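Below: one structure, written as structure tokens.
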Amino acid sequence: MNVKAIMRATLGAALVVAAACGYADELNMRVGVTEVSESVYGLHMLILYICCGIGVIVFGAMAYSIYHHRKSRGAVAAKFHENTRLEIFWTVIPTFILVGMAIPATQVLIKMYDTGGEDMTVEVRGYQWKWQYKYLDENRNNTLSFFSSLATSQDEIHNKAIKGEHYLLEVDNPLVVPTGKKVRLLVTANDVIHSWWVPDFGVKRDAIPGILNDIWFIADEPGIYRGQCTELCGKDHGFMPVVVRVVPEDEYRDWYSAQSAAYTEREAMARQTFSPDELMTMGEQVYTKVCSTCHQANGQGLPPVFPAISGSPVATGPRDAHIAAVYNGRPGTAMQAFSAQLNAAELAAVIHYQRNALGNSVGDVTQPVDILNWAAAQ
Amino acid sequence: MSAVIETHHDDHHHGPGKGITRWLFTTNHKDIGTLYLWFSFIMFLVGGAMALVIRAELFQPGLQFVHPEFFNQMTTNHGLIMVFGVIMPAMVGLANWQVPMMIGAPDMALPRLNNLSFWILPFAGGLLVSTLFMDGGGPNFGWTFYAPLSTTYAPPSTTFFIFAVHLLGASSIMGSINIIATILNLRAPGMTLMKMPLFVWTWLITAYLLLAVMPVLAGAVTMMLFDIHFHTSFFNAAGGGDPVMFQHVFWFFGHPEVYILILPAFGVVSQIIPTFARKPLFGYDSMVYAVASIAFLSFIVWAHHMFTVGMPLAGQLFFMYATMLIAIPTGVKVFNWVSTMWRGSMTFETPMLFAIAFVVLFTIGGFSGLMLAITPVDFQYHDTYFVVAHFHYVLVPGAVFGIFAAVYYWLPKWCGRMYDEAMGRLHFWLSFIGVNLTFFPQHFSGLAGMPRRIPDYSIQFADFNMWSSIGAFIFGFSQLILLYTVIKTIKSGEPASDRVWDGAHGLEWTLPSPPPYHSFTHPPVVTDAEAHS
């Protein structure tokens with residue numbers, strides 16, 4: 001085998017590897033749907049090809065040497081142990097390659113940091129273990145706010161039901177944004193550090209309590225884009241997906257007005273009075289969505305970290321202490337202050353449910369006004 | 001020098017003590033080296049069992065075996081044990097055995113400190129593992145323990161974890177002081193710094209890295225302790241603290257730490273490749289300078305672990321450029337290893353197999369490291385399985401294969417008996433296949449978007465995870481072959497010659513196999529044939 005034949009063979013192998021890297025979609029990074037994600041993909045491929053190229057040369061030389069310079073083939077060891085020219089060569093050439101990588105990388109990074117000129121702003125707030133989206137107007141006032149939690153059923157997770165197509169990548173209320181608009185996100189967190197990531201947008205930023213990070217994207221293609229929390233945030237870190245629905249602008253406007261009307265209506269519910277049955281129904285919904293991941297659907301909890309609701313001294317004792325626990329949370333534990341997440345009607349319903357279901361039967365009725373009165377007294 | 005009088009009435013035989021006291025009270029570098037290595041291997045099995053719990057749960061989508069809460073305890077303790085309980089002690093064990101023999105010294109410079117630095121370890125390791133059985137469970141916030149998950153939201157056992165980290169840190173600091181003192185003071189006449197074997201060089205630099213960064217880690221965990229118990233707000237935003245500050249402090253320790261784990265393995269490979277290529281190490285001087293450059297750069301790249309926290313543009317660019325620079329000295333090392341093999345007369349005994357696999361697979365880990373250095377692309381890779389694949393490629397077929405290579409290379413010298421070559425090769429090939437089957441598919445699941453540290457995943461990642469789990473079980477169980485081979489060598493191996501390998505050079509090979517209890521009671525003559533090998 002002469003040197004030319006080896007060169008040809010290694011070049012061929014390199015092309016096969018490169019082709020496998022480039023064209024097998026499921027083996028590679030997603031191109032994504034934004035200009036930024038496309039430049040990131042391009043950068044990724046450039047560096048991958050450079051690494052593959054260097055790999056072919058280095059591993060090729062090793063393989064050649066391992067085959068030809070073995071004692072069993074009668075190879076006699078040479079005596080050389082340095083070559084200044086060669087050593088300068090392989091210090092200087094990599095430097096040039098690195099500069100060649102750094103220039104496009106810097107350009108893309110500068111583009112990503114251009115956060116001004118946004119068309120709309122949404123605050124993204126991470127909670128253990130859900131996302132909150134707040135649509136802000138020009139004065140940073142909240143006009144619409146909702147939580148986005150995992151929609152996959154516990155039965156699917158525990159292998160009691162067939163897993164759906166979007167297993168663990170589906171939520172009840174996705175973030176909805178219009179096509180072709182520069183959407184600026186202010187990312188923060190309420191408890192521990194989370195990270196908001198949508199691979200198709202090429203955007204990932206940590207959500208850190210006390211810090212407001214900003215990122216942006218422009219998605220031109222309508223569609224549903226899925227990602228996940230990417231910073232370990234406790235027990236259900238694997239169960240807080242990010243879903244963004246990109247819709248044409250007029251559809252977005254319809255959605256926004258319907259949602260903000262419903263939001264206002266929901267806020268108004270806090271001033272209503274409900275029958276015990278209504279409270280039970282609403283309370284069960286809230287419990288299933290908010291409480292059951294820790295306290296479990298049957299109210300037995302997972303002691304000692306997540307205490308039971310059934311027979312709990314809090315849920316069967318004086319109501320004010322129960323309201324305080326839910327409203328303010330328990331600092332230093334996973335029990336959050338739910339005053340920020342639930343309105344008075346939802347708080348009343350879930351407290352009513354906890355006191356009169358799950359094996360408890362205190363027999364009292366908790367109305368939204370009781371919550372408001374309790375909060376006013378604090 | 002009238003104070004030094006040659007007297008013979010003190011010259012009684014200094015052999016090993018009897019029974020258990022030999023190991024409890026020993027101040028002998030070989031006994032302590034042996035203790036370090038066995039401790040490391042036991043922890044390897046414990047940490048490995050945790051990895052197998054993780055891989056069993058991830059074999060299929062859905063929750064099968066463990067609760068997510070326990071899963072997080074497994075990932076956390078697996079990482080902590082492998083870093084602090086396996087790789088670091090194993091490297092110190094190798095240094096204990098080899099450094100005095102390689103520089104022509106009778107023992108380590110500070111033998112009593114040596115005993116203390118080892119005997120802290122089992123207690124620290126035991127304390128760490130015991131947290132798993134405490135109320136509320138063990139540490140569950142990842143081996144990087146980011147605040148406030150590790151402070152305000154942490155289980156009560158975190159206090160014990162902090163104490164365990166303090167003990168581990170104290171042990172490492174004592175160990176590195178001892179290694180520095182030995183290398184700088186006990187070299188045989190003629191063993192100048194630039195004649196030292198590369199393994200000694202890499203350990204000298206590693207020991208300085210340890211001295212520099214272990215106190216930083218101690219500071220980080222102490223601030224955590226204050227936040228938890230004394231209601232300070234170092235890392236609590238609500239009290240004016242900064243959770244990102246924790247990450248800066250942690251990674252100022254953490255990045256040099258990863259070089260602490262890998263540099264001694266560089267040294268091992270730089271000893272083994274020349275031996276089996278029967279040719280001197282190519283570019284000795286540039287190897288030394290490359291290690292020193294890598295060590296220096298390791299202090300100014302820490303925030304590349306934090307590209308997604310929202311640093312300003314200038315910060316991102318600085319850390320990207322500085323990180324890319326590491327590729328240059330690392331490249332020099334790889335090119336020099338290949339050039340050492342080039343036109344050699346190679347044979348492929350087990351140590352050489354592990355060393356060659358080290359060069360290839362560590363380089364793959366280096367490539368993914370270079371990719372991760374590019375900030376805009378890192379946004380896509382960060383905290384996905386791509387990162388998991390990257391650091392396992394540099395740590396398992398990197399650091400761990402380096403340790404395996406060292407054990408097979410020097411075991412005949414230590415025991416005076418030869419290991420079973422066929423078993424060694426079997427161990428190598430199963431490990432090699434297992435490691436690649438485990439970690440190569442993780443590149444793909446990461447690129448496809450699978451975050452790390454999740455107990456369950458969407459169905460698109462199912463195939464890659466199944467391969468990974470199969471590979472992990474192959475790799476895990478093949479380590480029992482190492483245990484069997486080592487015990488068989490100690491009990492019934494064929495006698496080994498003093499030189500053991502016909503291409504071996506270095507002072508350790510001038511000693512009998514096994515070497516005397518006090519390696520060199522008289523300083524040896526350092527000849528050109530034995531130096532710089």
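Chains A and B are the protein sequences, given in the same order.
Counted the way my numbering counts, the first sequence spans residues 1 to 378.
Counted the way my numbering counts, the second sequence spans residues 1 to 533.
We treat Cβ as the ideally placed atom computed from N, Cα and C, and that holds for glycine.
All values reported here derive from a predicted model rather than from experimental measurement.
- Query: Under the three-state reduction of DSSP, which class applies to residue 539 of chain B: helix, strand or coil?
  - Reply: Any property of residue 539 of chain B remains undetermined from this structure, which presents chain B solely from 1 to 533.
- Query: Listed in chain order, which residues of the stretch 191-204 of chain B have Cβ atoms closer than 8 Å to some Cβ of chain A?
  - Reply: none
- Can you give me, in chain order, the residues of the stretch 278-301 of chain B that have a beta carbon less than 9 Å from any beta carbon in chain A? 278, 279, 280, 281, 282, 283, 284, 285, 286
- Would you report the Cα separation of residue 28 of chain B and residue 401 of chain B, rounded to the nearest angstrom? 27 Å
- Task: Please report the Cβ distance between residue 347 of chain B and residue 276 of chain B, rounded to the nearest whole angstrom; I am assuming they are in contact, meaning their Cβ atoms lie under 8 Å.
- Result: 6 Å
- Applying a beta-carbon distance threshold of less than 9 Å, which residues of chain A neighbour residue 310 of chain B? 187, 205, 206, 208, 211, 212, 213, 214, 215
- Assuming residue 222 of chain A and residue 247 of chain A form a contact by the criterion Cβ under 8 Å, report the distance between their Cβ atoms to the nearest whole angstrom. 6 Å
- Can you give the Cα-Cα distance for residue 55 of chain A and residue 370 of chain B, rounded to whole angstroms? 13 Å
- Identify whether residue 231 of chain A lies in helix, strand or coil by the three-state DSSP scheme. coil
- Within the chosen definition, does the stretch 353-368 of chain B reach the stretch 390-404 of chain B through at least 3 CB pairs nearer than 8 Å? yes
- Query: Since residue 132 of chain B meets chain A, which of its residues come closer than 9 Å, beta carbon to beta carbon?
  - Reply: Correct list: empty, because the minimum Cβ distance to chain A is about 14 Å.
- Task: Please work out which residues of its chain come closer than 7 Å, Cβ to Cβ, to residue 171 of chain A, disregarding the five sequence neighbours upstream and downstream, and give them in chain order.
- Result: 148, 149, 150, 151, 241, 243
- Name the chain A residues whose beta carbon is nearer than 7 Å to that of residue 250 of chain B? Here the premise fails: no neighbours, minimum Cβ distance about 13 Å.
- Listed by chain order, chain A residues near residue 135 of chain B by CB distance under 7 Å: 304
- Message: Suppose you measure from the CA of residue 313 of chain B to the CA of residue 84 of chain B; what does that come to, to the nearest Å?
- Response: 34 Å
- Query: Hey, how far is the Cα of residue 342 of chain A from the Cα of residue 350 of chain A?
  - Reply: 10 Å
- Cα-Cα separation, residue 274 of chain B to residue 164 of chain B: 40 Å
- Proximity test, Cβ basis, 8 Å: residue 233 of chain A and chain B: yes
- Expected contact under 8 Å - CB spacing of residue 295 of chain B and residue 209 of chain B to nearest Å: 6 Å
- Show which residues of chain B have a CB atom less than 8 Å away from the CB atom of residue 295 of chain A. By Cβ distance, chain B contributes nothing, its closest Cβ being about 14 Å from residue 295 of chain A, past 8 Å.
- Item | residue 187 of chain B to residue 469 of chain B span [Cα, whole Å] | 47 Å
- Query: So, is the C-beta of residue 195 of chain A closer than 8 Å to a C-beta in chain B?
  - Reply: yes
- Task: Flag this pair as yes or no: are the beta carbons of residue 370 of chain A and residue 348 of chain A separated by less than 8 Å?
- Result: yes
- Taking the continuous beta strand (DSSP E) assigned at residue 509 of chain B, which residues delimit it? Residue 509 of chain B -> no beta strand (DSSP E), and no H or E assigned at all.
- Message: Helix, strand or coil for residue 451 of chain B? Go by DSSP, reduced to three states.
- Response: strand
- Message: Could you check whether the Cβ of residue 456 of chain B sits closer than 8 Å to any Cβ belonging to chain A?
- Response: yes
- Message: Beta carbons nearer than 9 Å to chain A: which residues of the stretch 332-363 of chain B have them?
- Response: 332, 334, 335, 336, 337, 338, 339, 340, 341, 342, 343, 344, 345, 346, 347, 348, 356, 359, 360, 363
- Does the distance from the C-beta atom of residue 123 of chain A to that of residue 130 of chain A stay below 8 Å? no
- Item | Boundaries (first-last residue) of the beta strand (DSSP E) holding residue 461 of chain B | No beta strand (DSSP E) contains residue 461 of chain B, which DSSP labels as neither H nor E.
- Message: At the level of alpha carbons, what is the spacing between residue 121 of chain A and residue 45 of chain A?
- Response: 32 Å
- Message: At the 8 Å Cβ level, is residue 304 of chain B part of the contact set with chain A, yes or no?
- Response: no
- Query: Are three or more beta carbon pairs between the stretch 91-106 of chain B and the stretch 27-41 of chain B nearer than 8 Å?
  - Reply: yes
- Message: Please identify the residue among A:184, A:265, A:34, A:179 whose C-alpha is closest to the C-alpha of residue 144 of chain A.
- Response: A:265
- Short Cβ contact (8 Å threshold) for residue 100 of chain B with residue 519 of chain B: yes
- For the putative contact between residue 334 of chain B and residue 58 of chain A, defined by C-beta atoms under 8 Å, what is the C-beta separation to the nearest angstrom? 6 Å
- Item | Rounded distance between the beta-carbons of residue 194 of chain A and residue 238 of chain A, thought under 8 Å | Their Cβ separation, rounded to whole angstroms, is 12 Å, which puts residue 238 of chain A and residue 194 of chain A out of contact at 8 Å.
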